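Novice: Pasting in a structure now, in structure tokens, and then I'll have a few things to ask.
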DNA sequence: ATTTAAAGAACGAACATTCGCTTTATATGC
DNA sequence: GCATATAAAGCGAATGTTCGTTCTTTAAAT
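Residue numbers (our numbering), protein chains in the order written: chain A, 12 to 232; chain B, 12 to 232.
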């Protein structure tokens, strides 16, 4: 066999490759936000990334792979957020922060949430990953809620799993409306979200002293 | 100037035109469900509708108009559903029926919900219509809930408007997850939805006999 | 000298839309 | 009634563009 250890020029640097991938992903995210997955051309992404088509295709073999990478990144980020939640006593507050965060991700510019879901519906490998991530998030949130209940930070009558389901339902709804209405118009919905949370999760005083009434004052009957 | 009132032949029949529009819309919906708005070609829609491109363009001047018509139709349908709700005593039941209905619309095949939202984000005229329809639905639901409360069918501590916001949040979440997970996997979420509703809206006995506690009973403190 | 990285022109396929033509149905003149 | 003029309805190939991707070439670094 001819030379395996001949001259060796310019070893492939994985850290530089990772940097390029990030640069491409950032450019793609920016373009996709502006025009959506299928209305954005590869040339647009190339221009935004200041890279040629040939170079880009060295890092992502197809457009679908860019989309998949963006979706994956999004889900991993969400998992991290959910993992960090509800360690403190103020579970409701933490969930509202999460809601605000979700809202701001769609702020000003368009979010990719709708595009990602649309893609998940039609791409089987994306679908599998989505289902897995979703199950993980729900399980994690249920555990956190159960833990918070055990520590006496919060009281609720639902199963932790069901409670997690409800919370996720509302958060997803928030994301959709933020996408459809824009962040500004969707912001008041966070207060609706909070109000619902306070009905579902009765907050308790850190030392067991209960609050008077978890909800708004009554209107006339 | 030659004949203005010469012979007059074959008057344009608006009912036939409407029939053709429907045929085209049905074909487009079918295609769009399968492949999404921007991955479906006009030729595909023509084939599905068994119509030539030239004929199709007589009824819809552009692809975007087909999309807009489908979205509009969807929203009008939703408004009708919300208008009919909560006339009876079982508000929660009616809302769950609505949830089931939303779920089944995505059953088996993909829904267009995500595609529509993605389009709304980037098309200004669509966005205006969406905001209007959304506001209308929310107002209507709030009125229905207030009415049900006045009649003693249900009791809740939230503002009717806030309550409506929460319900819509959850319903939207349901639609998204039905789209992402498929109808089968999303079905259990309807029970979560119902459980949440029962915490927010305490059902009352038809003759005004109130149930014991509008909110959750307390756990240990 | 050799290999990686980048470039960017080139590729065929597919796209939304248009256009000139044909068919079809009807209202009129005889 | 029949022929005919008229316009709506429909057709489908053609249009020019744009697409995602590939390929050949060049630059840089070891």
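Backbone N, C-alpha and C fix where the C-beta goes; we use that ideal spot for every residue, glycine too.
For clarity, every value in this text was computed on a predicted model and none was experimentally measured.
Mind pulling the chain B residues with CB within less than 7 Å of residue 128 of chain A?
Specialist: Start at 1 with the first residue of the first chain, and residue 128 of chain A comes out as number 117. What residue 128 of chain A touches in chain B: 125, 187, 190, 191.
Novice: Can you name the residues that DSSP bridges to residue 213 of chain B?
Specialist: Here residue 213 of chain B corresponds to residue number 202 of the second chain, with the count starting at 1. Answer is B:166.
Novice: Select from the stretch 45-64 of chain A all residues with a C-beta closer than 9 Å to any C-beta belonging to chain B, and list them in chain order.
Specialist: 45, 46, 47, 48, 49, 50
Novice: Could you tell me the boundaries of the alpha helix (DSSP H) in which residue 145 of chain B lies?
Specialist: Numbered from its first residue, the second chain carries residue 145 of chain B at position 134. Counting along the chain, the alpha helix (DSSP H) containing residue 145 of chain B begins and ends at 135-161.
Novice: Check whether the Cβ atoms of residue 79 of chain A and residue 137 of chain A sit closer than 8 Å, and answer yes or no.
Specialist: Taking the first residue of the first chain as position 1, residue 79 of chain A is located at position 68. Taking the first residue of the first chain as position 1, residue 137 of chain A is located at position 126. Taking 8 Å as the Cβ cut-off, residue 79 of chain A and residue 137 of chain A qualify as a contacting pair.
Novice: Assign residue 23 of chain B to buried or exposed, taking buried as 16 or more other Cβ atoms, counted over all protein chains shown, within 10 Å of its Cβ.
Specialist: By one-based count along the second chain, residue 23 of chain B stands at place 12. That one is exposed.
Novice: With contact counted as at least three CB pairs below 8 Å, one residue from each stretch, are the stretch 72-88 of chain B and the stretch 150-166 of chain B in contact?
Specialist: no
Novice: Quick one, which of B:145, B:210, B:157 has its alpha-carbon nearest residue 200 of chain A's?
Specialist: In the first chain, residue 200 of chain A corresponds to position 189, counting from 1. If we check each option's Cα against that of residue 200 of chain A, B:145 comes out closest.
Novice: Got a sec, what are the start and stop residues for the alpha helix (DSSP H) residue 21 of chain B sits in?
Specialist: Reading the second chain from its first residue, position 10 is the one you call residue 21 of chain B. Element bounds for residue 21 of chain B: n/a, residue is neither H nor E.
Novice: I'd like to know if residue 145 of chain A contacts chain B, where contact means its C-beta is closer than 8 Å to some C-beta of that chain.
Specialist: Here residue 145 of chain A refers to the residue found at position 134 of the first chain. By this cut-off, residue 145 of chain A is an interface position.
Novice: Distance cutoff 8 Å, beta carbons only. Does residue 149 of chain A sit that close to anything in chain B?
Specialist: Working through the first chain from its first residue, we reach residue 149 of chain A at position 138. By this cut-off, residue 149 of chain A is not an interface position.
Novice: Just to check my reading of the structure: residue 190 of chain A and residue 125 of chain A have Cβ atoms closer than 8 Å, yes? What is that Cβ distance to the nearest angstrom?
Specialist: Sequence index remark: in the first chain, residue 190 of chain A carries index 179 (1-based). Sequence index remark: in the first chain, residue 125 of chain A carries index 114 (1-based). At roughly 5 Å, the Cβ-Cβ gap stays under 8 Å, so residue 190 of chain A and residue 125 of chain A are in contact.
Novice: Quick one: does residue 76 of chain A have its CB under 8 Å from some CB of chain B?
Specialist: For this step, residue 76 of chain A is matched to residue 65 along the first chain. For residue 76 of chain A, the answer is no, since every Cβ of chain B falls outside 8 Å of its Cβ.
Novice: Since residue 93 of chain A contacts residue 151 of chain A with CB under 8 Å, what's their CB separation in whole angstroms?
Specialist: Walking along the first chain from the start, residue 93 of chain A turns up at place 82. Walking along the first chain from the start, residue 151 of chain A turns up at place 140. Between residue 151 of chain A and residue 93 of chain A the Cβ distance is about 5 Å, and since that is below 8 Å, they are a contact.
Novice: Buried or exposed for residue 72 of chain B, going by 16 or more other Cβ atoms inside 10 Å?
Specialist: Here residue 72 of chain B corresponds to residue number 61 of the second chain, with the count starting at 1. Exposed: under 16 other Cβ atoms inside 10 Å.
Novice: Determine whether the Cβ of residue 169 of chain B lies closer than 8 Å to any Cβ atom of chain A.
Specialist: Here residue 169 of chain B corresponds to residue number 158 of the second chain, with the count starting at 1. Chain A contact via Cβ: present.
Novice: Closer than 9 Å between beta carbons: that is the criterion. Which residues of the stretch 191-211 of chain B meet it against chain A?
Specialist: 191, 192, 193, 196, 199, 200, 202, 203, 204, 206, 207, 210, 211
Novice: Cβ closer than 7 Å: which chain B residues qualify as neighbours of residue 141 of chain A?
Specialist: On the first chain, residue 141 of chain A is found 130 positions in, with the first residue counted as 1. Simply 191.
Novice: Using a Cβ-Cβ cut-off of 8 Å (strictly less than) and excluding sequence neighbours within five positions of residue 70 of chain A, which residues of its own chain qualify?
Specialist: Residue mapping note: residue 70 of chain A aligns to position 59 of the first chain, counting from 1. Here the set comprises 28, 31, 32, 35.
Novice: Evaluate residue 171 of chain A with the Cβ neighbour count: other Cβ atoms within 10 Å of its Cβ, from every protein chain shown; 16 or more gives buried, anything less gives exposed.
Specialist: As a position in the first chain, residue 171 of chain A is number 160, starting the count at 1. Its Cβ being crowded by 16 or more others within 10 Å, residue 171 of chain A is buried.
Novice: With distances taken between CB atoms, is the gap from residue 203 of chain B to residue 185 of chain A smaller than 8 Å?
Specialist: Indexing the second chain from 1 puts residue 203 of chain B at position 192. Indexing the first chain from 1 puts residue 185 of chain A at position 174. Not a contact, by the Cβ cut-off of 8 Å.
Novice: Roughly how many angstroms separate the alpha carbons of residue 86 of chain B and residue 141 of chain B, rounded to a whole number?
Specialist: Looking up residue 86 of chain B in the second chain gives position 75. Looking up residue 141 of chain B in the second chain gives position 130. One alpha carbon belongs to residue 86 of chain B, the other to residue 141 of chain B, and they sit about 8 Å apart.
Novice: Give every residue of the same chain whose Cβ lies closer than 6 Å to the Cβ of residue 117 of chain B, excluding the five residues on either side of it in the sequence, and list them in chain order.
Specialist: Counting from 1 along the second chain, the entry for residue 117 of chain B is found at position 106. The residues are 189, 190, 194.
Novice: Might you give, ordered along the chain, the residues of its own chain that have their beta carbon closer than 7 Å to the beta carbon of residue 114 of chain B, omitting 5 neighbours on each side?
Specialist: Within the second chain, the letter at position 103 stands for residue 114 of chain B. Closer than 7 Å at Cβ, skipping near neighbours: 185, 189, 194, 197, 198, 201.
Novice: Which of the three DSSP states is assigned to residue 114 of chain B in this structure?
Specialist: Stepping through the second chain from its first residue, residue 114 of chain B is reached at position 103. In the structure shown, residue 114 of chain B sits in a helix (DSSP, three-state: H, G or I).
Novice: Look up residue 41 of chain B in the DSSP assignment and say whether it is helix, strand or coil.
Specialist: For this step, residue 41 of chain B is matched to residue 30 along the second chain. Correct three-state label for residue 41 of chain B: helix.
Novice: Apart from the five residues on each side of it in sequence, which residues of its chain come closer than 7 Å, Cβ to Cβ, to residue 42 of chain A?
Specialist: Numbered from its first residue, the first chain carries residue 42 of chain A at position 31. Closer than 7 Å at the Cβ level, and outside the excluded window around residue 42 of chain A, lie 51, 55, 56, 59.
Novice: Judging by CA-CA distance, which residue of A:132, A:207, A:212 is the nearest neighbour of residue 153 of chain A?
Specialist: The residue you call residue 153 of chain A lines up with position 142 of the first chain. For residue 153 of chain A, the nearest C-alpha among the options comes from A:212.
Novice: Which same chain residues end up closer than 8 Å to residue 174 of chain A when comparing Cβ atoms and leaving out the 5 residues on each side of it in sequence?
Specialist: Numbered from its first residue, the first chain carries residue 174 of chain A at position 163. The answer, listed in chain order, is 153, 156, 167, 211, 212.
Novice: For the stretch 51-128 of chain B, list the alpha helix (DSSP H) runs that are entirely contained and at least 4 residues long, ordered along the chain.
Specialist: 53-60, 64-70, 74-94, 102-116
Novice: Alpha carbon to alpha carbon, what distance is there between residue 177 of chain A and residue 143 of chain A?
Specialist: As a first step, residue 143 of chain A is located in the first chain; it is residue number 132 there, counting from the start. As a first step, residue 177 of chain A is located in the first chain; it is residue number 166 there, counting from the start. One C-alpha to the other measures close to 18 Å.
Novice: List, in chain order, every chain B residue whose beta-carbon is nearer than 9 Å to that of residue 67 of chain A.
Specialist: In the first chain, the residue the question calls residue 67 of chain A occupies position 56. Here the premise fails: no neighbours, minimum Cβ distance about 21 Å.
Novice: Is the Cβ-Cβ distance between residue 187 of chain B and residue 187 of chain A less than 8 Å?
Specialist: As a position in the second chain, residue 187 of chain B is number 176, starting the count at 1. As a position in the first chain, residue 187 of chain A is number 176, starting the count at 1. Yes, they are a contact pair.
Novice: If you check the beta carbons only, do residue 208 of chain B and residue 109 of chain B fall under 8 Å apart?
Specialist: Reading the second chain from its first residue, position 197 is the one you call residue 208 of chain B. Reading the second chain from its first residue, position 98 is the one you call residue 109 of chain B. Not closer than 8 Å, so no.
Novice: Out of A:96, A:123, A:65, point me to the one whose CA is closest to residue 158 of chain A's CA.
Specialist: Start at 1 with the first residue of the first chain, and residue 158 of chain A comes out as number 147. Selected option, being the one with the closest Cα: A:96.
Novice: Using DSSP with H/G/I as helix, E/B as strand and the rest coil, what is residue 194 of chain B?
Specialist: For this step, residue 194 of chain B is matched to residue 183 along the second chain. The three-state reading of DSSP puts residue 194 of chain B in helix, counting H, G and I together.
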